[in-house]
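Participant: Heads up: the sequence lines are chains G and R, in that order. Going by this note's numbering, the first sequence opens with residue 2, and the numbers climb by one from there. Going by this note's numbering, the second sequence opens with residue 2, and the numbers climb by one from there. Built from N, CA and C at the ideal position, the CB exists for glycine as well. Let me begin by handing over the structure; questions about it come next.
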Amino acid sequence: MTSRNRIKLGNVAVAGLSLATLVAVGVWLDRSVYSDEPVAPPVVIEGTLTVDAPSSAVAGEPFLVSLSGEYEGEIASLVIDGGYGQRNLSAIMTDGVATFEVPPWPHPESGLVLLEASVGLAQTTATMEIAPGPATDPLDIYLGPRTVVADANDFSMAVAIPKDRYGNPVSEGTPVDFSVNRSSGTSATQAAPTSGLLASVEIWSRTRAGRTRVGASVGAAKGPERSFLEVAGVPVAFDLGSTDPAPTADGSTLFEVWTDVLHDEFGNVVPDGTVAYLRAAGSTSNRRLRGTSIDGVVTFVVEAPAEPGPATFVASASGVASESLTIDFSAAVARAPVTVSDHDDGVHVEIGRVVGTTGSYVPDGTVALINVEDTVYSVELELGRGSVVVPPFDGTPSVSILGVGATSIEDAR
Amino acid sequence: MTPNGRSLLRRLRPTPSGRADSRAARSDEPILTAIGGRQRKKLLVRLGLAGIVGSVALFVVVTSAGIMASITQAEETSEIFTEAAELPPDLIDAVTWHPDGEDLPREMEPLTREAVTAAWLRGWEQLRIVAETGDTSGVEVNFSNSARRGVLEQADNWNGRSVQQLGHDLALTFYSEDGQVVGLRAVESRLKRTKHVGEVKLGRETEERYDAVLILEDGNWRIQHWVRRSFAGEPWVVETLDPGRVAPVDH
């Protein structure tokens, strides 16, 4: 064999060795991970372990659990399942017994607790009751609705969910005292036992509006104060009032119409912000205004009509209508002279100076209407005076200012 | 090729007389001896390289096998990443409500009942997520007050155990006048509890009864308390083998 062949043989040997290593590793992994070789199925062993535990314990206190079975020297596990999670303990089986000193658990766990003990595949389960301790501060208190009608026919509800120092809901039937302090200064206590982890009472309204404060206690344990408002119900019939004397019908003066103090049948003033509507029907137009109460009174600001005559006002709040209020608006114009003269383009109609009932010119912008042969012309007055040129016509024009006709007409044609 | 390699080839090249120009070629000594010290070193280098290649291949094979094993055993992978907020539709159908009592302070609205049902299911689903993944980020959404404390403070104790809900029979025991507090009784909650003993996964179905209180907080119903009142469970049975799984340590 030549040297070259020997070297080739060496290379082949090295490659073969590497390949054999890989194949061996692959076979080993295949057998260990993906082996199809039949494996004896493991079986859970029941009935070889016995748990000895108290039937009940108080939350937060230690207790003993012992596990017996013929598993000498093996590790025994105890899982305490309290609903939200688990605690894990382990002990060595000695003389057929493993004893677990379950330490205090300062977390919520009350109710039926599972004790799952095991040694390998030997399993057993027992249960015991963890009783909650006494209620402690603060109590969880909920209250609602926060507003009720003070008509002795409505109620709010207070709910207390007392729990012990570890967060466990207290035992069923634990009495809860609800203190109810009215705005009138009176107080009372309503008691209710816990049922379904909570206690509740209905707190009925009285006939006096105000804030009612509610507290709850279980023995010495108390919680934060809650409160609700008792408010007036539907107001009784009411009247309207207005500015006296009423303004003239100048179409611009603002005046007020107000309600009586709105109160319910028990005299409770309606809450601020109660909405009322005012319906006004007059010689000029019909209007609907919205207002809100302050200290029980709703005030509406209304513009005087532009023509004299009666106007009717009716307000309504919570579906209750007021008595009707009628105001007779007098004329706003005291003197309105008119002069008619020839003009190159027709007839010149000059109005003014128009003087109001206050002794001054009517406000600038007041409109005068001139009716000539069924055609109406308008002109805005300035400093009580205005004019317009209309086509030639015979007869006397009809002039109206704020619903008042001309007090004098001078025809200079 | 290195200068040394060229030199070696020159020395091994046959002469015109057909004989190799080398003492080693003329002798009958073993190969390693015949090829001399330099060639022996070269062979050792080759063996070393083969060893490195083999080690790398071994590493790749072992790693791949581990990944494959973990994938095949994690049948619950998709379940783990199911957020509690996204309830499987079949779970909604797995809830049955008992008729409401006539002494309830207030009649429950249909939409509120749906919301309370979802909150109850999400609570149990959240507990499963905590048990299987240790992820507690959603606990605050579904639990409040004592229940939140209870779940969070024991989140690290599950040790391979888990609980999966199968169905619930619920009864409304209280509904406050303002619609803020609900008292609930899970007359029968059907659960699937699992745990691992070494490489063996055990499971059993249980029927449990709970009293609970749910609170409407920030527009979201949350479980404030639940207290187990009764328990009945089937025996543990072996469900699967998880080869290579590290046994949980109960302590």
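#1: Please compile the residues from chain G whose C-beta is within a distance smaller than 7 Å of the C-beta of leucine 203 of chain R.
#2: Give me the Cα-Cα distance between arginine 162 of chain R and lysine 202 of chain R, rounded to the nearest whole angstrom.
#3: May I ask you to list, following chain order, the residues of the region 163-178 of chain R that have a beta carbon less than 7 Å from some beta carbon of chain G?
#4: Taking the Cβ atom as the reference point for each residue, do serine 185 of chain G and arginine 209 of chain G lie within a distance shorter than 8 Å?
#5: Count the CB pairs spanning the region 207-216 of chain R and the region 125-133 of chain R that are closer than 8 Å, and state whether there are at least three.
#6: With a threshold of 6 Å on Cβ separation, who are the neighbours of alanine 407 of chain G within its own chain once the five nearest residues in sequence on each side are excluded?
#7: Between histidine 1 of chain R and chain G, is there a C-beta pair that is closer than 8 Å?
#8: Go to glutamine 127 of chain R, then tell me how far its alpha helix (DSSP H) extends in each direction, as first and last residue.
#9: Which residues in chain G sit within 9 Å of valine 239 of chain R, going by Cβ to Cβ distance?
#10: Measuring only the C-alpha atoms, how far is threonine 260 of chain G from serine 319 of chain G?
#11: Quick one: Cα of glycine 184 of chain R to Cα of glycine 74 of chain G, how far?
#12: Tell me the rounded alpha-carbon separation between methionine 109 of chain R and serine 177 of chain R.
#13: Do you know offhand how far leucine 18 of chain G's Cα is from serine 138 of chain R's?
#14: Kindly give me the distance between the Cβ atoms of arginine 194 of chain R and threonine 207 of chain R, rounded to whole angstroms, as I take these residues to be in contact under 8 Å.
#15: Skipping 5 residues on each side, what residues in its chain have a beta carbon closer than 6 Å to that of alanine 332 of chain G?
#16: Compare the C-beta of valine 177 of chain G against all C-beta atoms of chain R and say whether one is closer than 8 Å.
#17: For a test of the three-state rule: what should DSSP assign to leucine 105 of chain R, helix, strand or coil?
#18: Which of the three DSSP states, helix, strand or coil, is assigned to serine 147 of chain R?
#19: Taking one C-beta from the region 211-231 of chain G and one from the region 144-157 of chain G each time, how about it: are there three or more such pairs within less than 8 Å?
#20: Consult DSSP for threonine 195 of chain R and reduce its assignment to one of helix, strand or coil.
#21: For valine 237 of chain G, report the span of its beta strand (DSSP E) as first-last.
#22: Counting along the chain, where does the beta strand (DSSP E) carrying glycine 234 of chain R start and finish?
#23: List the residues of chain R that valine 160 of chain G touches, going by C-beta distances under 7 Å, in chain order.
#24: Distance check for arginine 191 of chain R and threonine 118 of chain R, CA to CA, integer angstroms please.
#25: Sorted by chain position, which residues of the same chain lie with C-beta nearer than 6 Å to glutamine 181 of chain R's C-beta, five sequence neighbours on each side aside?
#26: Hey, serine 243 of chain G and leucine 326 of chain G are a contact pair by Cβ (cut 8 Å); roughly how many whole angstroms apart?
#27: Whose CA, out of G:Leu115, G:Ala312, G:Glu102, G:Ala222, lies closest to the CA of valine 1 of chain G?
#28: When DSSP builds the beta bridges, which residues end up paired with tryptophan 1 of chain R?
#29: Tell me, please, whether the region 207-223 of chain G touches the region 291-302 of chain G by the rule of three or more beta-carbon pairs shorter than 8 Å.
#30: For proline 360 of chain G and aspartate 265 of chain G, I'd like the C-alpha separation in whole angstroms.
#31: Helix, strand or coil: how does DSSP classify alanine 60 of chain G here?
#32: Using a beta-carbon distance below 8 Å, is tyrosine 143 of chain G in contact with chain R?
#33: In three-state DSSP terms, what is threonine 367 of chain G?
#34: Suppose contacts are defined by Cβ-Cβ distances below 8 Å. Is alanine 136 of chain G in contact with alanine 200 of chain G by that definition?
#35: Look at the alpha carbon of valine 98 of chain G and the alpha carbon of proline 236 of chain R, and state the distance between them as a whole number of angstroms.
#36: For aspartate 165 of chain G, which of G:Lys223, G:Ser188, G:Val149 has the nearest alpha-carbon?
Facilitator: Reading it off the structure:
#1: Val45
#2: 9 Å
#3: Thr174, Phe175, Ser177, Glu178
#4: yes
#5: Too few Cβ pairs lie closer than 8 Å, so no.
#6: Ala337, Val339, Val400
#7: Nothing about residue 1 of chain R can be reported from this structure: the residues present for chain R run from 2 to 252 only.
#8: For glutamine 127 of chain R, the enclosing alpha helix (DSSP H) begins and ends at 111-134.
#9: Pro42, Pro43, Val44, Val45, Leu122
#10: 13 Å
#11: 48 Å
#12: 9 Å
#13: 54 Å
#14: With a beta-carbon spacing of about 6 Å, arginine 194 of chain R and threonine 207 of chain R fall inside the 8 Å limit used to define contacts.
#15: Hits under 6 Å: Pro309, Val405.
#16: With a threshold of 8 Å between beta carbons, valine 177 of chain G makes no contact with chain R.
#17: coil
#18: helix
#19: yes
#20: strand
#21: No beta strand (DSSP E) contains valine 237 of chain G, which DSSP labels as neither H nor E.
#22: Where glycine 234 of chain R is concerned, the enclosing beta strand (DSSP E) stretches over 221-234.
#23: Ser177, Val182
#24: Distance between the alpha carbons of threonine 118 of chain R and arginine 191 of chain R: 15 Å.
#25: Hits under 6 Å: Leu217.
#26: 6 Å
#27: As displayed, chain G neither begins before 2 nor continues past 414, which places residue 1 of chain G out of reach and without an answer.
#28: The structure shown does not extend to residue 1 of chain R, since chain R is modelled only from 2 to 252, so the question has no answer here.
#29: Between the region 207-223 of chain G and the region 291-302 of chain G, the count of Cβ pairs shorter than 8 Å is below three; the stretches do not touch.
#30: The sequence given here has glycine at residue 360 of chain G, not proline. Straight through space, the alpha carbons of aspartate 265 of chain G and glycine 360 of chain G are spaced by roughly 46 Å.
#31: In the structure shown, alanine 60 of chain G sits in coil (DSSP, three-state: anything other than H, G, I, E or B).
#32: yes
#33: coil
#34: no
#35: 22 Å
#36: G:Lys223
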